[in-house]
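Residues in the sequence shown are numbered from 1 upward in steps of one, following UniProt numbering. Glycine is no exception: its CB is placed at the ideal position from the N, C-alpha and C atoms. Structure first, commentary second.
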Amino acid sequence: MNMSKCVPTTPSILKHCERRVVCEPALFKCNEPNEPAHRKDSEPLTSCVMTQFNRDSFIQKMNCKRQRDDSENAEKGKKRKKREERVKLSPLLEDEDVKKEVKEAWSQRAQYSHGGLELDCQPFPHCIIRNFIQSDSFTENLQRELLDLNFHEKSNDLYKFNQSDDLKKRKEPHITGLRAALFGLFRSWLGEVLGVELEPTVDVSCAKYQYTDVLLCHDDELEGRRVAFILYLVPPWESSDGGTLDLFSTDDHFQPHSVVKSLVPSWNTLVLFEVSPVSFHQVAEVLSEDKCRLSLSGWFHGPSLERPPRHIEPPFPRSPHLPRDETLLLEWLNPLYLDVDYQSQVQQEFEDSSEIQLKNFLKEEKFKEVSEALRSTDVQWTKQGPPNRRCYEVASLESFPQCVSACWELLCSEAFFLLLSNFTGLRLHYLSPGDEDEEEEKDQEDEEEREATGSSGDTPSANKNYKEPSTPVCVGELRRWAHGGYTLLHDGDASRAEYALDLLLPLSCPDWQTEFGGFTSYVANEEDEELLMVYPEENSLALVYRDKETLKFVKHINHRSSTLPIGDSCRRAVYDFSFVYYE
1 MNMSKCVPTT PSILKHCERR VVCEPALFKC NEPNEPAHRK DSEPLTSCVM
51 TQFNRDSFIQ KMNCKRQRDD SENAEKGKKR KKREERVKLS PLLEDEDVKK
101 EVKEAWSQRA QYSHGGLELD CQPFPHCIIR NFIQSDSFTE NLQRELLDLN
151 FHEKSNDLYK FNQSDDLKKR KEPHITGLRA ALFGLFRSWL GEVLGVELEP
201 TVDVSCAKYQ YTDVLLCHDD ELEGRRVAFI LYLVPPWESS DGGTLDLFST
251 DDHFQPHSVV KSLVPSWNTL VLFEVSPVSF HQVAEVLSED KCRLSLSGWF
301 HGPSLERPPR HIEPPFPRSP HLPRDETLLL EWLNPLYLDV DYQSQVQQEF
351 EDSSEIQLKN FLKEEKFKEV SEALRSTDVQ WTKQGPPNRR CYEVASLESF
401 PQCVSACWEL LCSEAFFLLL SNFTGLRLHY LSPGDEDEEE EKDQEDEEER
451 EATGSSGDTP SANKNYKEPS TPVCVGELRR WAHGGYTLLH DGDASRAEYA
501 LDLLLPLSCP DWQTEFGGFT SYVANEEDEE LLMVYPEENS LALVYRDKET
551 LKFVKHINHR SSTLPIGDSC RRAVYDFSFV YYE
């Protein structure tokens, strides 16, 4: 057989392949049926060599595949292992003697301390566990996973910070591991200490507090919440950085009074407290511009503690107008606002939007006189609370300087009530037209029409729909605002809401910026969306008419406000006359 005979044609390749498949078990016996059993050395072993090559190639590929499969299985195993990452909590939680002593101290409302665990029951029961997680590497990896989460900015009357979604379904290994420990071992330990059965479901999320972020005074009470917890993952932290967990004492009405204890956040420290009618606390505003207060927090659920009847504040006393004539208006107001035609324009705009701002409202010299007088040390200021409702100062009427007293009388005067009626169309004075007048005019027109046509029918009585007119009244405050001032919405606000006209006249607030806070925000009841924001503006009278479904609050004034210079000194306070008028 010579070499030329070994060049195959296409059909021979197909036929040869068929033979190779059949004779593969006899690897080196791929002879033609009529060929001798042994080939001569000179004869080519083309078919046998190709078969050996393909066999080796097949084996090599199979080995590679097995290696890849083993590698993939190993990776899957590692992933499974990561998903099952376990965490060891403080060994104090496994010490039966410590658990027994903590339980006894908690039930007796006594202090207790052992190693890194501290229990204090003043002003309400709370516990601190330092080095809550044993492994430093686990804690660092947990921090990294938390920082990689998507955060959402949260802001309303009560707070401003960034929060993650609920962590119940997160798959990150260290988040999953800690969650399992909290839901399992720690929940069991806590339930035994409190002597209650805690539900297996735990609320848990991550929060980032940065410069000017804050969570104001509240008690955490919500149906089913029994224990609140916070795990801090912060850099080295000082009280001067802000962000402390402040605990409030309470008064005889179970209302918060003042901060009596501040807990400075520290790395890998867990704080927990029992949610109760007196568990008032806050996260103080973060003052550090370069530190992030990262924490993982939530609630364990169980039977709620009994709550006493909610305290209802007495309403502010309302007063009718003071008998003062238009002389006051001529003395104090910008003449533009006394023009009847301009008053009609103002009323048209107000009726379209239910709000308006009247710039340069007071005469410039009068405005400056009042502003300077308010900075006098003779004015007596009283802090207003409780902290879960408000934080600002109110001036005592008896201590008003003469010009301030005159400005107050202006806003309470009969002439000013009539002016407000002209601005708004509201019936704040008996001379202003009201619904009764319109009904009487309509009745008179109907009667004239019947007389002209000679039609019969019952003649409407002029007194048929008559209502005794109510006496317009007002309530007012002269307020001083500084860094940390605010007002909050409250559960009882909606039930007491009524139609009213709000008036604000700010003083000593030039160049006020939105980012300072301190603006008045109007929101719809049980909705977070803001309907209107009124910002402090020098000598600009703001009027807002609100209905029973509209509530308002003053946004927390943050640390940025204290850095705005005025001449050679820094801003210390701003002022406003705040009045509410009722028809």
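With at least 16 other beta carbons inside 10 angstroms of its own, Phe248 counts as buried. Between Leu146 and Cys206, the beta carbon gap of about 5 Å places them in contact (Cβ cut-off 8 Å). Scanning its chain for C-beta atoms nearer than 8 Å, with the 5 sequence neighbours on each side dropped, one finds around Trp381 the residues Glu393, Val394, Ala395, Ser396 and Arg480, in chain order.
Burial check for Arg389: the Cβ neighbour count within 10 Å reaches 16 or more, so the residue is buried. Nearest Cα to Ser266 within the set Ser288, Glu285, Pro235 and Pro256: Pro235. Between Leu270 and Phe229, the gap from beta carbon to beta carbon is short of 8 Å. Measuring C-alpha to C-alpha distances from Phe400 to each of Ser371, Pro386, Gly425 and Pro309 identifies Ser371 as the nearest. Along the region 283 to 351, the alpha helix (DSSP H) occurs as fully enclosed runs of 4 or more residues at 327 to 332, listed in sequence order. Remark: C-beta atoms of Leu215 and Leu158 approach each other more closely than 8 Å. Apart from the 5 residues on each side of it in sequence, Pro323 sits with its Cβ closer than 7 Å to the Cβ of Glu414 in its chain, given in chain order. Ranked by Cα distance from Asp213, the first of Gly484, Val286 and Asp203 is Val286. The Cβ atoms of Ile557 and Gly485 lie closer than 8 Å to each other. Ser562 and Ser113 have their C-alpha atoms roughly 40 Å apart. Between Trp332 and Lys366, the CB-CB gap stays under 8 Å. Per the coordinates, the alpha-carbon of Glu349 lies some 52 Å from the alpha-carbon of His301.
By the C-beta criterion, the region 96 to 108 is judged to be in contact with the region 191 to 202, since at least 3 inter-stretch pairs fall below 8 Å. If you ignore the 5 residues before and after Asp251, its C-beta comes within less than 6 Å of the C-beta of His257, all in its own chain and listed in chain order. By the neighbour-count definition (other C-beta atoms within 10 Å, threshold 16), Asp148 is an exposed residue. Each residue's CA atom was taken as its position, placing Ser421 and Leu410 some 15 Å apart. Listed in chain order, the non-local C-beta contacts of Ser432 below 6 Å within the same chain comprise Ser421, local neighbours out to five positions each way being set aside.
In the three-state reduction of the DSSP assignment, Ala497 falls in the coil class, being assigned neither a helical nor a strand state. The shortest C-alpha to C-alpha distance from Ser90 to any of Asn131, Cys121, Ser319 and Ser107 is the one to Asn131.
Within 10 angstroms of the beta-carbon of Ile128 lie 16 or more other beta-carbons, which makes it buried.
The C-alpha of Pro277 is placed about 22 Å away from the C-alpha of Val204.
Counting along the chain, the unbroken alpha helix (DSSP H) around Ile175 starts and ends at Pro173 to Ala181. Closest in alpha carbon position to Asp547, among Tyr522, Thr244, Asp528 and Ser135, is Tyr522.
The criterion of a C-beta distance shorter than 8 Å is not satisfied by Leu198 and Leu296. For Leu146, the enclosing alpha helix (DSSP H) stretches over residues Asp136 to Leu147. Taking 8 Å as the cut-off, the Cβ atoms of His218 and Phe161 do not count as close. By DSSP's assignment, Phe579 forms a beta bridge with Gly476 and Leu503.
Excluding its 5 nearest sequence neighbours in each direction, Ser354 has C-beta neighbours in its own chain below 6 Å: Tyr545, listed in chain order. Looking at Arg187, Ser495 and Thr139, the one whose alpha-carbon comes closest to that of Val87 is Thr139. Here Ile175 is buried, its C-beta having at least 16 other C-beta atoms within 10 Å.
Selection Leu505, Glu153, Val260 and His429 evaluated against Leu543 yields Leu505 as nearest (Cα-Cα).
Take the alpha-carbon of His321 and the one of Tyr430: they are about 12 Å apart. In this chain, Cys407 is not harboured by any beta strand (DSSP E); it is covered by the alpha helix (DSSP H) spanning Gln402 to Cys412.
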